[in-house]
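What follows is one structure encoded as structure tokens, with my remarks underneath.
In the UniProt record's numbering, the protein residues as written are 1 to 190.
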């Protein structure tokens with residue numbers, strides 16, 4: 001890893017986190033498409049949960065992002081969490097550096113999606129995207145999990161579902177309860 005150090009520091013790292021089923025993989029795929037239209041080389045690290053019984057994992061993100069599989073400007077790597085807490089695999093920080101050194105302009109990191117304490121991504125990403133969806137649990141649960149505290153961008157996904165407006169209102173309310181910021185500091189807004 002030390003030999004890679006001079007080659008790193010150029011990739012922009014975007015972390016996507018949220019509960020299972022909120023659309024992390026779909027959003028990741030859409031971001032890949034958008035970045036490729038800009039001519040950027042994109043690396044994707046998708047972390048999947050490991051079974052507490054067998055230790056195995058269904059690494060299905062490559063299947064969900066199959067439209068990018070033959071694009072030489074996209075590299076997709078699924079990783080099993082192997083029981084590592086925080087939403088990432090233990091080797092994810094090193095894998096991010098490898099993709100950076102390999103010339104990726106953007107590295108998208110999709111967390112495991114357990115919805116509880118997935119805050120490790122904030123220390124690895126330049127921008128942390130928190131995805132929420134109507135009917136996927138209330139803002140109090142998200143606040144308890146610590147996820148709302150790490151976001152730079154908040155997305156209410158699946159906005160065509162009933163309750164999307166209520167979820168957005170609740171999110172705005174929860175963000176308003178956060179720590180005080182100095183005038184002029186960046187604040188999330190809808």
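Idealized CB from N, CA, C, for every residue including glycine. These figures come from a predicted structure and were not determined experimentally.
Start-to-end residues for the alpha helix (DSSP H) that takes in residue i
| i | result |
| --- | --- |
| residue 176 | 164-176 |
| residue 98 | 92-101 |
Residue i - partner residues in DSSP beta bridges
| i | result |
| --- | --- |
| residue 7 | Residue 7 is not bridged to any residue. |
| residue 76 | 44 |
| residue 128 | 15 |
| residue 106 | 12, 42 |
Burial state of residue i (16 or more Cβ within 10 Å)
| i | result |
| --- | --- |
| residue 20 | exposed |
| residue 123 | exposed |
| residue 7 | exposed |
| residue 126 | exposed |
| residue 88 | buried |
| residue 157 | buried |
| residue 67 | exposed |
| residue 5 | exposed |
| residue 161 | exposed |
| residue 153 | exposed |
Endpoints, beta strand (DSSP E) assigned at residue i
| i | result |
| --- | --- |
| residue 29 | Counting along the chain, residue 29 falls outside any beta strand (DSSP E), though it belongs to the alpha helix (DSSP H) covering 24-37. |
| residue 153 | 153-156 |
**Prompt:** At a cut of 8 Å, does the region 39-46 reach the region 103-115 through at least three beta carbon pairs?
**Reply:** yes
**Message:** Taking 8 Å as the cut-off, does the region 125-136 touch the region 67-78 (at least 3 CB pairs, one atom from each stretch)?
**Reply:** Taking a cut-off of 8 Å on C-beta distances, the region 67-78 does not touch the region 125-136, as fewer than three cross pairs fall below it.
**Prompt:** Given 8 Å as the limit, is there contact between the region 8-15 and the region 92-104, that is, 3 or more CB pairs closer than that?
**Reply:** yes
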